[in-house]
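Residue numbers (my numbering): 3 to 97. Each residue gets a CB set at the ideal place from its N, CA and C atoms; glycine is no exception. The structure appears right after this line, and notes come after that.
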């Protein structure tokens, strides 16, 4: 997984932690409990997003590989059709 996706997962986990921390403090939760809850949410959110990004990139790479293979096969078929047509024209001209 690229470092950009790791940074994005970490940033999203941090944002979740800040939201949980602020909501916990607004509801009157003790600071130590709020910090612990925010740390757990940050860790869990970062891990879940990193796993999602890893899965998503694998699916995306597989999809792109399949599409590129289809495009290459289509291109090769068109080239073979063109060369067949040229051979047919050349054989008709020589007759």
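Does DSSP put residue i in a helix, in a strand, or in coil?
i	result
residue 4	coil
residue 29	coil
Please name the residue, chosen from the options, that lies closest to residue i on a Cα-to-Cα basis.
i	options	result
residue 5	73, 44, 69, 56	56
residue 36	74, 77, 18	18
residue 41	54, 23, 81	23
At least three beta-carbon pairs within less than 8 Å, the stretch 31-50 to the stretch 11-18: yes
Cβ pair count under 8 Å reaching 3, the stretch 28-39 against the stretch 58-72: no
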